[in-house]
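Single-structure report; data block below.
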Amino acid sequence: MPTSSMLLLLADGRFPAGAHAHSGGLEAAVAAGRVTDLGTLGEFLRGRLATAGLVGAAFAAAAHRAVPTADRAAELGRLDAELDARTAAPALRTVSRRQGRALLRAGRAIWPYAPFGDLPGGAAGPHQPLVFGLLAAAAGLSRTETALAAAHGTVTGAASAGVRLLGLDPYHVQALLIALAGACDTTAADAARAADGPPEELPAAAAPLADIHAEAHVTWEVRLFAS
Amino acid sequence: MRPETAHDESVPHTHPEPGVDPHAPLPPAARALRVGIGGPVGSGKTALVAALCRAFADELRLGVVTNDIYTTEDADFLRRAGVLDPARIRAVETGCCPHTAIRDDIGANLDAVDDLADTVGPLDLVLVESGGDNLTATFSRGLVDRQIFVVDVAGGDKVPRKGGPGVTAADLLVVNKTDLAPMVGADLSVMDRDARARRGDLPTVFLSITQDPLAHRVAEWIRHELAHHRTAVAAAPPAALPPSVAVPTGSA
């Protein structure tokens, strides 16, 4: 089944799943003076792709893989626990579940018969990558395409926040994303391959500084982004 | 409910997803009337929300959702003003895009509305206040049933003539701070004439919240809309099932 248009739709930042309200940790990094210009934004995005990008894409691919299995709900439960374990900062767990809830709302409206009822998480919401895996499966995407769209989203959202927070030239930021495209493809391929293994062996890349920033960010009285 | 009789397992058949409710959401009748309040920065949106909270305090089960540019400023103002139980106020963060959160990507606001009902029980009316934006910001019909657009005379008496979707299409246009008109040289008759020209039969209310802290005419308009909403709910036919959507399993 040709899925190119479907892939583009799910990778589009305009997909109504609340991404516009999140900076992927960039707002806190900007406030800390660690991201100040195009060069440091590029480094930030590369780091994000290698950590949250890889882990999110791998869990999305693993959730996608779980869809046709007999014990889908149990498998999604294991993935939920594993992703919690990989998300050290409580603030980021909350963010992931809140974004999962937003994505779930869109998914239920578009694919009412997809097996979203098997997602764990209760009232707090399911982790965003797990919802994305189910949504991508409902859309008929392949596992690699699922990982690709997930990885892509982790860098484009933060890049867009960079334009808004730093007033950077949008053409230069787009060129930055173009330069990162190869790394994004590689990350997605790695993530899709990793999804062949058991949940406990999925990637666990993390950045302590991103965790610290996220914990500080939620305590701010005035902030522009939800994360 | 399960059928009492066993069915023939030799006949190939499928069941719909057992974990999924295949029904469309409840018809609008079963929920609160949602009214969006938008308008430029400083036009008095939050003051109007506070006035309506006072007006409906003993009359309606009320909830408020704010969409600040700077997170919780407006929600904090309402909490400090003591016009509504803080549990009935939710703030949505909008990532520099207040118009996106009320028009293109409304999930966070819908979550906030759901959270209100989950925590404080059924509501009659939910006011959704937009972050101060420009003349082009309007609410999605997927988020609100009715919308009020607030401009003020200090913003210049040309605002109604300039139009924009808020001025031309809002269900109610509120021209606030009429008490300031003499001080800023604004001609209310010009604003009235231009609003009529832009809005046709849609209503416009001139208001000074400092002189009318209960915003009587706006509250009256909401009461009317609420009565209409309840009638529509009572008369609404059962919701149609959503179109059947196949569930591809996706290929590895």
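Chains as they are written, first to last, in numbering that gives the first Met the number 0: chain A, 0 to 226; chain B, 0 to 251. Even for Gly, the Cβ is constructed at its ideal location relative to N, Cα and C. Note that the structure is a prediction, hence the values are computed from the model and not measured.
Kindly say whether residue i, judged by its beta-carbon, lies nearer than 8 Å to any beta-carbon of chain B.
i, result
"A:A31", "no"
"A:F58", "no"
"A:H126", "no"
"A:F224", "yes"
"A:S95", "no"
"A:S4", "no"
"A:P15", "yes"
"A:H19", "yes"
"A:R104", "yes"
"A:A101", "yes"
"A:R163", "yes"
"A:A215", "no"
"A:A160", "yes"
"A:L129", "no"
Out of the options, point me to the one whose CA is closest to residue i's CA.
i, options, result
"B:R102", "B:G141, B:V48, B:C52 and B:K44", "B:G141"
"B:D191", "B:T203, B:V143 and B:P97", "B:T203"
"B:V166", "B:N133, B:D73, B:E128 and B:Q210", "B:N133"
"A:G120", "A:L75, A:L25, A:L201 and A:R45", "A:L75"
"B:V183", "B:F205, B:P164 and B:A153", "B:A153"
"B:P159", "B:P181, B:V143, B:A185 and B:L179", "B:A185"
"A:G38", "A:L223, A:A158 and A:R100", "A:A158"
"B:P79", "B:L59, B:W220, B:A46 and B:T99", "Rather than Pro, the amino acid found at residue 79 of chain B in this sequence is Arg. Measuring from the Cα of B:R79, the nearest candidate turns out to be B:A46."
"A:V221", "B:T93, B:A31 and B:D57", "B:T93"
"B:V189", "B:A168, B:D211, B:K161 and B:L213", "B:K161"
"A:G183", "A:S4, A:V29 and A:G41", "With the sequence shown as reference, residue 183 of chain A is identified as Cys, and Gly is not the correct amino acid for it. Closest by alpha carbon: A:G41."
"A:S4", "A:E144, A:P197, A:T218 and A:D195", "A:E144"
"B:D117", "A:L118, A:D117 and A:A123", "A:A123"
"A:L25", "A:A206, A:A160, A:W219 and A:P207", "A:A160"
Quick check: the Cα distance between residue i and residue j, rounded to an integer number of angstroms?
i, j, result
"B:V91", "A:L179", "32 Å"
"B:H223", "B:N66", "25 Å"
"A:A113", "A:G139", "11 Å"
"A:T68", "A:A84", "23 Å"
"A:L8", "A:G152", "12 Å"
"A:V94", "A:A10", "19 Å"
"A:F115", "B:V112", "21 Å"
"A:R104", "A:L167", "33 Å"
"B:D170", "A:F58", "45 Å"
"A:A191", "A:L147", "9 Å"
"B:A180", "B:D200", "25 Å"
"B:G37", "A:A203", "44 Å"
"A:A27", "A:A209", "9 Å"
"A:L223", "B:H215", "34 Å"
"A:T186", "B:A56", "55 Å"
"B:N175", "A:T155", "40 Å"
"B:T135", "B:L206", "22 Å"
"B:E128", "B:G35", "6 Å"
"B:A31", "B:A194", "29 Å"
"B:V40", "B:P97", "11 Å"
"A:E199", "A:A193", "11 Å"
"B:K254", "A:D70", "Given that chain B is displayed from residue 0 to residue 251, the structure contains no residue 254 of chain B and the question cannot be resolved."
"B:L234", "A:R96", "It should be noted that the sequence gives Ala, not Leu, for residue 234 of chain B. Rounded to the nearest angstrom, the two C-alpha atoms are 38 Å apart."
"B:L225", "A:L165", "44 Å"
"A:G99", "B:I221", "34 Å"
"A:L201", "A:A101", "25 Å"
"B:R198", "B:L51", "24 Å"
"A:A91", "A:I109", "Per the sequence shown, residue 91 of chain A should be read as Leu rather than Ala. Going by the C-alpha atoms only, they are around 27 Å apart."
"B:A54", "A:P169", "47 Å"
For residue i, write down the residues that DSSP places opposite it in a beta bridge.
i, result
"B:E128", "B:I36 and B:T65"
"B:V150", "B:V174"
"B:F205", "B:V174"
"B:V91", "B:N66"
"B:R145", "B:V34"
Could you tell me whether the Cβ of residue i comes closer than 8 Å to any Cβ of chain A?
i, result
"B:C52", "no"
"B:E92", "yes"
"B:T167", "no"
"B:P2", "With a pLDDT of 48 at B:P2, under the threshold of 50, the modelled position of that residue is not reliable, and no figure is offered here."
"B:L115", "no"
"B:T103", "Sequence check: residue 103 of chain B is Asp here, not Thr. Judged by the 8 Å Cβ criterion, B:D103 is in contact with chain A."
"B:A80", "no"
"B:T137", "no"
"B:L142", "no"
"B:P27", "Low per-residue confidence applies at B:P27: pLDDT is 45, beneath 50, and the placement is therefore not dependable enough to give any value."
"B:P247", "Residue confidence for B:P247 is low, a pLDDT of 44 falling below 50, so the modelled location carries little weight and cannot support an answer."
"B:G62", "no"
"B:L109", "yes"
- Are there three or more Cβ pairs, one per stretch, closer than 8 Å when the segment 167-185 of chain A is compared with the segment 26-34 of chain A? No contact exists between the segment 167-185 of chain A and the segment 26-34 of chain A.
- Message: With three or more beta-carbon pairs closer than 8 Å as the criterion, would you say the segment 206-226 of chain A touches the segment 68-81 of chain A?
- Response: No, because fewer than three Cβ pairs between the segment 206-226 of chain A and the segment 68-81 of chain A fall closer than 8 Å, the two stretches do not touch.
- Message: Using 8 Å as the cut-off, can you tell me whether the segment 60-73 of chain A makes contact with the segment 117-131 of chain A, which would need three or more C-beta pairs spanning the two stretches below that distance?
- Response: Under the Cβ criterion (8 Å, minimum of three pairs), the segment 60-73 of chain A counts as touching the segment 117-131 of chain A.
- Query: Pairing CB atoms from the segment 37-56 of chain A with CB atoms from the segment 6-20 of chain A, are three or more of them under 8 Å?
  - Reply: Judged by Cβ distances under 8 Å, the segment 37-56 of chain A makes no contact with the segment 6-20 of chain A, as fewer than three pairs qualify.
- Message: Does the contact criterion of 3 or more C-beta pairs under 8 Å hold for the segment 143-150 of chain B versus the segment 78-88 of chain B?
- Response: Contact fails: fewer than three Cβ-Cβ distances are below 8 Å.
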